[in-house]
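K.L.:
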Amino acid sequence: GARVAEVGLKQARAHHDAARARFEAGVSPRFDVIRAEVEVAKAEEELTLAEKGADLARRFLNNLLGLPLDAQMRLVKPPPSAPPAMDLEECEETALNERVEIRQIELGIRQSEIGKRISRQLPSFGLQVSFGIVSEGSAFTLEEAWSATVMGEIPLYDSGGARGRTGKARAAGMKLEVAKARVTEGIRLQVEEAYLNLEETVKRLRTSEAIVKQAEEAVKMAEIGYKEGLNPHIDLVDAQQGLNAARMNAAKAWYDHETAKSRLMLAMGLEEAR
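The sequence shown maps to residues 50 to 323 in the numbering used here.
(1) I need the DSSP call for SER313, collapsed to helix, strand or coil.
(2) Can you give me the Cβ contacts of ALA51 inside the same chain, cut-off strictly under 6 Å, excluding the 5 residues immediately before and after it?
(3) Is the Cβ-Cβ distance between ALA120 and ASN111 less than 8 Å?
(4) For LEU137, does the three-state DSSP call read helix, strand or coil?
(5) Kindly list the residues whose CB is nearer than 8 Å to the CB of ARG159, restricted to its own chain and excluding five residues on each side of it in sequence; keep chain order.
(6) For TYR244 and ASN293, what's the separation of their Cα atoms in angstroms?
(7) Going by C-alpha distance, which of VAL56, VAL82, GLY57 and GLU142 is nearest ASP66?
(8) Since GLU95 and ALA63 are thought to touch, with beta carbons under 8 Å apart, how far apart are those beta carbons, to the nearest angstrom?
(9) Can you tell me which of the three DSSP states SER257 falls into?
(10) Flag this pair as yes or no: are the beta carbons of ALA92 and LEU58 separated by less than 8 Å?
(11) Can you give me the start and stop residues for the alpha helix (DSSP H) that GLN60 sits inside?
(12) Please list the terminal residues of the continuous alpha helix (DSSP H) segment that includes LEU113.
(13) Return the residue from the list GLN153, ASN280 and LEU156 that minimises the CA-CA distance to SER77.
(14) Given this structure, state the Cα-to-Cα distance separating ARG296 from ASP305, to the nearest angstrom.
(15) Label ARG71 either buried or exposed according to how many other C-beta atoms from any shown protein chain fall within 10 Å of its C-beta, with 16 as the threshold for buried.
(16) Just confirm the distance between the C-beta atoms of ALA316 and LEU247, as a whole number of angstroms; I'd bet it's less than 8 Å.
(17) Just verifying my parser: in three-state terms, what is the DSSP assignment at ASN146?
(18) Starting from the C-beta of ALA188, find all residues in its chain whose C-beta is less than 8 Å away, skip the five residues before and the five after it, and write them out in chain order.
(19) Short of 8 Å in beta carbon distance, which residues of its chain neighbour GLY186, apart from the five on each side in sequence? Order them along the chain.
Dropping the structure here:
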C-alpha cells in the first residue's frame, strides 16, 4: 500500500507541474492547477496513512520474531508460489493422511482394540530367569548358578469382571469411531472451503493484473490527450485515480491468494505445497 501511494504521489506532482506549465502558457484554466494541487495534497495524505500502517505492521512483525520493535528490515516480495497440483479429492485424501487429529483418534482405536484383547479371560504365562556367582569358601573357587521360574495363571471365575472390562473397551472404541467420522467430515469441509477460496483468488489475481494494465493504458492516453488539449484535466485525474485503485486491488488480490494457499496447506496438514 505504501509503495502504491508513493507512486501515486509522484504522478500527482508530475500532473501538477504539467497543469501549471499549461496554465502559464495560457492554454489551460486556473481550475486545472487548483484541481492538481488538491490531488497532490490528497496523495500526500494517503502516503502518510500508508506509511503509518506499514510502520505498525513492521513493529508487529518484529514483536512476533522476538526482535526490537524499532528494528529495521528490508522486506522483499516473494515470487508467487504455485498452488498444490492436486484436485479437491486429492487434497482431501492428503488431509486425512496427514492431519494429526486423525492420527490421534486412530491411535486411540488401536489402543482400545488392545484393551479388549487384554481384558478377555485368557491364560497368562511368565518366565523369570536369574544368574549369579556362588563362592565355595575361596576366591579362587567360584561357580556359576542359574535358576529359572515359569509361572502361569488361568482365570476360572472373576465375577464378570473381564466381561465388564471388555464391554467398556468396546464402548470406548465405538465412541472413537464416531469421533473419527465427525472429525473426518469436518476436515473435508475445511479442505473444500480452503480449496474453493484458493480458486477464487486465482481468478481475482488474473483479473486484477489485466485491470492494472488497462488502467495504465488509460492514464497514458489521458496524459497524451491532456497535453494536446483534447481532454480536460479531470479526465487525467479520473484515470490516475482508477490506476491507483487498480494497483491497490491487485496488491490485495496477491495477499489474499498467498493467504488462501497457506490456509489450504494448513487444512491439509502440510508445511509446503506438493
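We put the beta carbon where it would ideally sit given N, CA and C, even for glycine.
P.N.:
Working from what's here:
(1) By 1-based counting over the sequence shown, the position of residue 313 is 264. Inspection of the sequence shows that residue 313 is occupied by Leu rather than by Ser. Note: LEU313 maps to helix in three-state DSSP.
(2) Translated into positions along the sequence shown, residue 51 becomes position 2. Closer than 6 Å at the Cβ level, and outside the excluded window around ALA51, lie ALA99, GLU100 and ALA103.
(3) Position 71 of the sequence shown holds residue 120. Position 62 of the sequence shown holds residue 111. In contact: ALA120 and ASN111 (Cβ atoms closer than 8 Å).
(4) Position 88 of the sequence shown, counting from 1, holds the residue named residue 137. Helix, per DSSP.
(5) Locating residue 159 in the sequence shown gives position 110, where the first residue counts as 1. Cβ neighbours of ARG159 beyond the five flanking positions: none.
(6) Residue 244 sits at position 195 when you count from the first residue of the sequence shown. Residue 293 sits at position 244 when you count from the first residue of the sequence shown. Rounded to whole angstroms, TYR244 to ASN293 spans 30 Å at the Cα level.
(7) As a working mapping, residue 66 is identified with position 17 in the sequence shown. Considering only alpha carbons, the answer is VAL82.
(8) To locate residue 95, count along the sequence shown from 1; it is residue 46. To locate residue 63, count along the sequence shown from 1; it is residue 14. Not confirmed; about 16 Å, so no contact.
(9) Taking the first residue of the sequence shown as position 1, residue 257 is located at position 208. The answer is helix: DSSP assigns SER257 an H, G or I state.
(10) On the sequence shown, position 43 is the one that residue 92 refers to. On the sequence shown, position 9 is the one that residue 58 refers to. Yes, the Cβ-Cβ distance between ALA92 and LEU58 is below 8 Å.
(11) Translated into positions along the sequence shown, residue 60 becomes position 11. Element bounds for GLN60: 51-73.
(12) Walking along the sequence shown from the start, residue 113 turns up at place 64. Taken as a continuous stretch (DSSP letters only), the alpha helix (DSSP H) holding LEU113 covers 79-114.
(13) As a first step, residue 77 is located in the sequence shown; it is residue number 28 there, counting from the start. Cα-wise, what sits closest to SER77 is ASN280.
(14) Here residue 296 corresponds to residue number 247 of the sequence shown, with the count starting at 1. Here residue 305 corresponds to residue number 256 of the sequence shown, with the count starting at 1. Distance between the alpha carbons of ARG296 and ASP305: 14 Å.
(15) Taking the first residue of the sequence shown as position 1, residue 71 is located at position 22. Looking at its Cβ environment, which holds 16 or more other Cβ atoms inside 10 Å, ARG71 is buried.
(16) What you label residue 316 is simply residue 267 of the sequence shown in a count that begins at 1. What you label residue 247 is simply residue 198 of the sequence shown in a count that begins at 1. Not really, about 10 Å apart at Cβ, beyond 8 Å.
(17) In the sequence shown, counting from the first residue as 1, residue 146 sits at position 97. Helix at ASN146.
(18) Position 139 of the sequence shown, counting from 1, holds the residue named residue 188. Note on ALA188: pLDDT 46, under 50, position unreliable in the model; no value is reported.
(19) Here residue 186 refers to the residue found at position 137 when the sequence shown is read from its first residue. Any reading at GLY186 must be qualified, since the residue scores a pLDDT of 46, below 50, and its modelled position is unreliable; the value itself is stated next. Excluding sequence neighbours, GLY186 sits near nothing in its chain.
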